Amino acid sequence: MAETTVKKLADIVGTPVEKLLTQMKDAGLPHGDASEVVSDEQKQQLLAHLRKSHGAQDESSGKKITLKRKSTSTIKTTGAAGKSKTVNVEVRKKRTYVKRDVLEAEEREEAERLAAEEAARAAEEEKRAAEEAAKRAADDEAARLKEDEARAKAEQERKAAGEKAAEEKSKRVSVPKVSATKKPAKEETPEEKAKREEAERKQREADEAKRKQEAEARKKAEEEAARRTAEEAARIAAELEKRGEQEEKKPAAEDEKDKGSSIVNAAQEASYQREERQSRRRRRKPKVAGVVHGKMKSSMNKQHGFKTPTEKKIYEVEVPDTITVTDLAQRMNVKAKSLIKSLMKMGEMVTVNQPIDQETAFLLVEEMGHKPIASKGQEELLEDHLAADLVTRDSVDSEHRAPVVTIMGHVDHGKTSLLDYIRKAKVASGEAGGITQHIGAYHVEHEKGMITFLDTPGHAAFTAMRARGAKATDIVVIVVAADDGLMPQTEEAINHAKASGAPIIIAVNKIDKEQADPDRVRNEMATKDVIPEEWGGEYQFINVSAHTGQGIDDLLDAILLQSELLELQAQASGSATGVVIESRIEKGRGTVASILVQGGELQIGDMLLAGAHFGRVRAMIDENGKPIKKAGPSIPLEVLGLNGAPEAGEQIQVVTDERKAREVAEFRQERDRELKLKRQQASKLENLFENMGSAETKTVNIVLKTDVRGSLEALTSALNDLGTDEVKVNLVSSGVGAINESDVNLAMTSEGVLLGFNVRADSKAKKTCEQEGIDLRYYSVIYELIDDVKQAMSGLLAPEKREEILGVAQVRDVFRSSKFGAVAGCMVVEGTLYRNRPIRVLRDDVVVFEGELESLRRFKDDVPEVRNGMECGIAVKSYNDVKEGDKIEVFEVKEVARFL
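Quick note: to get our numbering, add 29 to the position in the sequence shown (first position is 1).
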């Protein structure tokens, strides 16, 4: 920033330097040379001086308002001749209103002046009262001393008179000697002299005490007056400051202007009405026929003839599943801010555009005094219309359908191998790591009928997949290894199956192994209320071997028998309905959704609605990769043509109207987005006070891409569960499909790691990763990905600090040194003492000082360390209070890495 000198300022304003220096001198500025620098504050001071010298006054515009009004009215009266005539009456009025802040400033100045005068008057009165009290006390003390002195003098005169009478009596008894000369004066005896000096000393002490008492009384009075004055001044200052804060909290300038104008209008209207009433009283005379006195009405009177109803109007408010605060306020005919205030009292922090659920809206409507009525939202109405427009089934009668069987159990208990033997295929050999990570759907043609199998993962991270498999099934087969027994995921599978209400069949696998113990499995399952039929329970236990095929036919017979008991029925024609098993995005094919048809018949070209996505079926492929043209109930297949990957577990249905399908899908997407925003908002508000004042939590940013939706859901849940109070996982982005350049740019922006699960990056994404140094990792087994993320999070944890005591020395004697002060002669009793390590001084095993050594000597030599059993001299830095018997402890702080 360039500096402005006096000469430069003179050139800018166009005035000679000498004249500018003279003006600056008159303004009180210290400048005397043209090269001196002029600051902004000094410029403002010079400008204020010049304005004042030129007669400029403070801005006063807007501080007063003068209103002039002229009103004309007519009066009809009767003249002397009996004729009526009209008289025009013109009234002119003028009112001046002063701005409130000016009046308040004058009132504040007057209050300050009165308060200061009152404080000064109170101080003067208190001072005068203190002086009068001191004077009164001094007068009382003087009177008392004078009375004591008179009493002492009277006592002396009485004693002198007694002595004189005794002397005269003795003279009369004895023979006096006649002497022509006068008798000399009587000399003062030592006793009288002592008495007189004692009386004078007491008088001096009394005078001195009187002076001290007067001085103390005056001092106390002055202190009391000063204290009261200070308290009064502080009180006045606090009131002025509070009044200033209240003035600062006034609304903005426009609101003040509107408010001021409304106040002026109200005041003027009140004055007009008051004068009207007074004029009526003055003109009150006997009524004359035909005389009508006109009323004075102001044009500024904005009142209308509508009167608000005396009773509150109660509305019947229709409340859908979700509704925004603005819409709810409009339905109740109230302002949105009043609803927000009520929601804040209920503990909900929302905005006017934020949606609230139906339950909260019900409470809010009842709180406002209205009657809530549950209604269907626009999405539900659309779905109802969609359901009404479904294609009529060709056959009304239902037919028997194949059972849908879900295979569940713990990881590596042989679920997929058992299914392979049934299908006569080798699926398990193709699974990454030998474990299932997707839901596999297959149907098997048996000599006794067809069976559809769903194979679910057994890994701990795939809980949601197992829950969906249990919901979409008719029969649940839980596989338990005979050599392993009951495991955590086995217990979880039992709970999911019981929650779905489906019949359960227990397949005890690996019966061909030497370590197999089927009775152990039955005992452990009995503890979970799964009692075998042979023990009087209701659950079938089948011993099988996926390796030799032992018991496979018995298992299939048990499944078909159970399906006959269930009497499974479905309509074989008409519009198809079903459920999404899995979905993914493949390059060149688009969205591929694995679905299970539960009713009707699905054909190529049907308009399919799946959750928040829709599309026309372009191709259908069975589990063996062969194209098919139609699929009936209980048939699993893959369909192509949807505009996005639907969530696993979403219901599907065939519709005829593409427009309605699009509307329903868009409304579902909007609903999901609102629910997501609501969860984020609630999470932020819940963690607001928890995060205040705490250290910033470290995060690991991850961009995750997987092959299917189920794996994405399982990985997201598993990664979020890894977070702690110190380090958390932040999923910047997650999706299904190959890694593209957009994912790489997102990882680069967020400084995150790019992880691919069973997917690969395209050529552009790989090139960008190599150029920018982005960490790109591929995984095919879920627990390897989780372990790597856990290791990365452990690296962000702050190390744990641990103290290790290296040595302890006992003080035997203390010496004084001119260089170090107190020097302790010590004996090392434990470990080794090091000169460059921190120390503590312990007295009676209590720490009294913590610091470092200034000197460590062995005889006269400085040494870096002293071992156990040796004597040494120790000088503690900045501490000289070492005493005999103290202990000096040398320790070291080590940092130990922490792991999750």
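Backbone N, C-alpha and C fix where the C-beta goes; we use that ideal spot for every residue, glycine too.
Because the structure is a prediction, the values reported are computed rather than measured.
8 angstroms Cβ shell around residue i - same chain, five flanking residues per side excluded
i	result
Arg789	Ala767, Ile768, Tyr807
Ile385	Thr351, Ile352, Thr353, Val354, Leu357, Leu372, Glu377, Val379, Leu393
Leu871	Val877, Asp915, Lys916, Ile917, Glu918
Glu192	none
Glu253	Glu155, Ala159
Between the CA atoms of residue j and residue i - distance to the nearest angstrom
i	j	result
Ala365	Asp441	58 angstroms
Gly323	Val116	Bear in mind that the predicted position of Gly323 carries a pLDDT of just 43, short of 50, making it too unreliable to give a figure here.
Ala743	Leu751	13 angstroms
Leu79	Leu49	11 angstroms
Glu684	Asp635	First, the residue type needs correcting, since residue 684 is Val and not Glu in the sequence shown. Those two C-alpha atoms are separated by around 8 angstroms.
Gln632	Ala648	9 angstroms
Ala159	Lys222	41 angstroms
Leu704	Ala526	29 angstroms
Arg165	Glu146	28 angstroms
Val930	Val818	The first residue shown for the chain is 30 and the last is 929, placing residue 930 beyond what the model contains.
Leu805	Ser779	14 angstroms
Glu553	Met516	10 angstroms
Lys239	Asp177	15 angstroms
Pro547	Ile436	19 angstroms
Ala694	Gly640	7 angstroms
Asn524	Cys798	45 angstroms
Asn759	Glu829	24 angstroms
Ser367	Gly398	13 angstroms
Phe844	Phe920	24 angstroms
Leu58	Thr34	13 angstroms
Ser612	Gly678	10 angstroms
Tyr471	Lys400	53 angstroms
Ala528	Ser792	47 angstroms
Tyr863	Glu913	21 angstroms
Glu395	Val381	19 angstroms
Ala39	Asp69	15 angstroms
Identity of the residues DSSP links to residue i by a beta bridge
i	result
Gly785	Lys734, Tyr807
Asn759	Asn730
Val67	Beta-bridge pairing links Val67 to no other residue.
Asp582	Its beta-bridge partners do not exist; DSSP assigns none.
Gly850	Ser846
Tyr471	Phe482
Lys105	Thr115
Ser100	Val120
Leu862	Val895
Phe878	Val870
Val505	Thr435, Ile533
Tyr126	Ile94
Leu885	Ile903
His429	Gln598
Cys855	Val840, Cys901
Lys923	Arg831
Ser612	Ala622
Neighbourhood of residue i by C-beta distance below 6 angstroms, restricted to the same chain and skipping five residues each side
i	result
Arg869	Val876, Glu879, Glu918
Ile614	Thr620, Ala674, Val765, Gly766
Ser574	Ile540, Asp541
Glu667	Val621, Ser623, Ile650
Lys659	Glu630, Gln632
Ser663	Arg430, Ala431, Val433, Thr481
Cutoff 7 angstroms; reference residue i; Cβ partners in own chain excluding five residues on either side
i	result
Gly319	Only weak support is given to the placement of Gly319: the predicted model assigns it a pLDDT of 42, under 50, and the question is left unresolved by the model.
Glu883	Phe849, Ala904, Val905, Lys906
Leu775	Val732, Val761, Ser762
Ser203	Any reading at Ser203 must be qualified, since the residue scores a pLDDT of 44, below 50, and its modelled position is unreliable; no value is offered.
Phe928	Ser823
Asn362	Tyr344
Contiguous alpha helix (DSSP H) assignments of at least 4 residues, all confined to the stretch 616–675 = As far as the stretch 616–675 is concerned, it has no whole alpha helix (DSSP H) run of at least 4 residues.
Are there three or more Cβ pairs, one per stretch, closer than 8 angstroms when the stretch 220–240 is compared with the stretch 149–159?
-> Contact fails: fewer than three Cβ-Cβ distances are below 8 angstroms.
Is it a yes or a no for the stretch 576–586 touching the stretch 637–654, going by three-plus beta-carbon pairs under 8 angstroms?
-> No, they do not touch.
For the stretch 551–599, list the beta strand (DSSP E) runs that are entirely contained and at least 3 residues long, ordered along the chain.
-> Annotation: the stretch 551–599 contains the following complete segments of the beta strand (DSSP E) (minimum length 3 residues), in chain order: 569–572.
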